Amino acid sequence: MSATRAPGAVPTAPSKEPIRPQGVKKDRSPKRLLIYVLLTAGLLIMSAPFLWMALSAFKTSSELSASPPVWVPTEWTLDNFRDLLDKLDLPLYFMNSVIVAVLVTVSNLVFCSMLGYALAKLNFVGRNKIFGLVLGALMVPGNLMLLPLFVLMSKLQLIDSYAGLVLPFAAGAFGVFLMRQFMQSIPDELLEAARMDGAGEWYIFWRIVMPLVKPALATLSIFAFLGSWNNFVWPLIATNDPDKYTLPVALATFATDPNKAGGSNGMLMAGAFLVVLPVLILFIALQRHFTQGIATAGMK
């Protein structure tokens with residue numbers, strides 16, 4: 259029976275308190291508080307080296323050598339960046355890294371998506387065996403492939419070239435696995451309807467499937483760009499011409515040359531900051547898609 263209101267009574271405004279399901283209470287237990295404390299401590303520990311590097315890039319030489327250490331510079335300066343530009347052809351090496359990383363990222367997005375679509379939505383002989391090879395490739399350490407890759411690139415006369423830096427990483431097993439798992443979540447009925455309307459596989463792939471897998475593409479682009487941008491070993495052994503050095507290789511050779519770096523920690527911190535900055539900007543720009551792509555990969 260509904261409650262009745264007495265004649266002349268003023269109706270009360272509805273409560274603005276959030277309605278929670280019966281039996282659900284806000285968790286303020288010590289255990290949950292301890293988890294937050296531990297996570298915050300872990301975040302500070304992990305971010306401390308990066309913060310130290312970023313702040314040290316703007317410190318003077320006296321503050322870099324101060325004891326006890328100075329975290330926040332009292333006098334912000336750009337001298338470390340100016341000295342680095344004077345002693346190192348930074349724009350050249352930065353552009354080399356950009357070209358290689360962008361080409362590797364674009365090729366991974368295209369080729370890994372194609373193979374992932376074929377393994378997820380096309381029926382052909384040997385599909386499961388090919389997917390097994392992809393899973394097997396994930397278990398092979400990358401360092402074991404350096405010697406065969408170097409011999410292959412040498413025979414193809416691609417040493418000291420952008421092609422020699424890009425082709426070995428134009429597609430990766432992880433990217434194929436990620437795209438295949440994500441594309442499995444696309445309803446088969448949607449693709450069958452497109453085929454019944456006369457759409458070809460290329461049209462379905464580019465106009466229907468690719469727009470639906472943007473979170474996975476954002477995730478793969480971050481991993482591919484990050485791996486290529488920070489790659490040090492392969493550019494070191496695949497380039498003999500200093501003009502083809504990528505930024506990590508150029509900074510490493512600069513740091514070990516006493517005639518250039520001269521033990522200047524400020525210039526090294528400025529160089530390291532410039533290496534990390536593009537990756538940080540990319541991650542911040544694609545963070546929402548990256549989180550969604552990781553959370554939904556493999557769901558069907």
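Just so we're aligned, residue 259 is where the sequence shown starts under the numbering used here, counting upward by one. Beta carbons are placed, not taken as given, at the ideal position from N, Cα and C, and that holds for glycine. Small disclaimer: the values here were computed from a predicted structure and weren't measured.
Is the Cβ-Cβ distance between residue 444 and residue 467 less than 9 angstroms?
-> yes
Have a look at residue 478 and residue 320 and give me their C-alpha separation to the nearest angstrom.
-> 43 angstroms
Which residue's Cα is closest to the Cα of residue 328: 337, 340, 339 and 312?
-> 312
Can you tell me whether DSSP reads residue 459 as helix, strand or coil?
-> helix
Quick one, are the C-beta atoms of residue 483 and residue 359 less than 9 angstroms apart?
-> yes
Indicate the three-state DSSP secondary structure (helix, strand or coil) for residue 447 in the structure shown.
-> helix
Could you pull out every residue in the same chain whose Cβ sits closer than 6 angstroms to the Cβ of residue 341, ignoring the five residues on either side in sequence?
-> 525
How about the region 392-409 and the region 429-437: do they share at least three Cβ pairs that are nearer than 8 angstroms?
-> yes
Touch test, the region 488-496 against the region 288-298, Cβ-Cβ under 8 angstroms, three pairs minimum | no
Return the first residue and the last residue of the alpha helix (DSSP H) that residue 296 is part of.
-> 288-314
Residue 480, buried or exposed, once every other Cβ within 10 Å from all chains shown has been counted against 16 | buried
Residue 361 versus residue 324 - alpha carbon distance = 43 angstroms
On the premise that residue 418 lies in contact with residue 497, defined as a C-beta separation below 8 angstroms, what is that separation, rounded to the nearest angstrom?
-> 6 angstroms
Can you tell which of 314, 363, 450 and 338 has the C-alpha that lies nearest to the C-alpha of residue 537?
-> 363
Where does residue 536 fall in DSSP's three states?
-> helix
Exposed unless 16 or more other CB atoms sit within 10 angstroms - verdict on residue 426 | buried
Within its chain, find whatever has a CB closer than 8 angstroms to the CB of residue 495; leave out the 5 residues flanking it on each side and keep chain order.
-> 404 and 408
Should residue 435 and residue 374 be called a contact, given that it needs their Cβ atoms to be closer than 9 angstroms?
-> yes
Starting from residue 466, follow the alpha helix (DSSP H) in both directions and report where the run begins and ends.
-> Premise fails: residue 466 is in no alpha helix (DSSP H) and is neither H nor E.
Which of helix, strand or coil does DSSP assign to residue 397?
-> coil
Can you give me the start and stop residues for the alpha helix (DSSP H) that residue 363 sits inside?
-> 348-379
Integer-rounded CB distance, given that residue 379 should sit under 8 angstroms from residue 437 = Wrong, their Cβ atoms sit about 11 angstroms apart, outside the cutoff.
Cα-Cα, which of 528, 515, 506 and 511 is closest to residue 353?
-> 506
Residue 422, buried or exposed, once every other Cβ within 10 Å from all chains shown has been counted against 16 | buried
From residue 357 to residue 351, what does the alpha carbon distance come to, in whole angstroms?
-> 10 angstroms
Look at the Cβ atom of residue 529, then the Cβ atom of residue 348, and state whether they are nearer than 9 angstroms.
-> yes
Whole-number beta carbon distance between residue 314 and residue 322, since they are thought to touch under 8 angstroms | 6 angstroms
Going along the chain, which residues of its own chain have a beta-carbon closer than 6 angstroms to the beta-carbon of residue 522, five neighbours each way excluded?
-> none
Would DSSP call residue 333 helix, strand or coil?
-> coil
Answer with buried or exposed for residue 473, where buried requires no fewer than 16 other C-beta atoms within 10 angstroms of its C-beta.
-> buried
Round the Cβ separation of residue 316 and residue 326 to the nearest angstrom and send it over; I've been treating them as touching at under 8 angstroms.
-> Contact doesn't hold; Cβ gap of about 19 angstroms is too wide.
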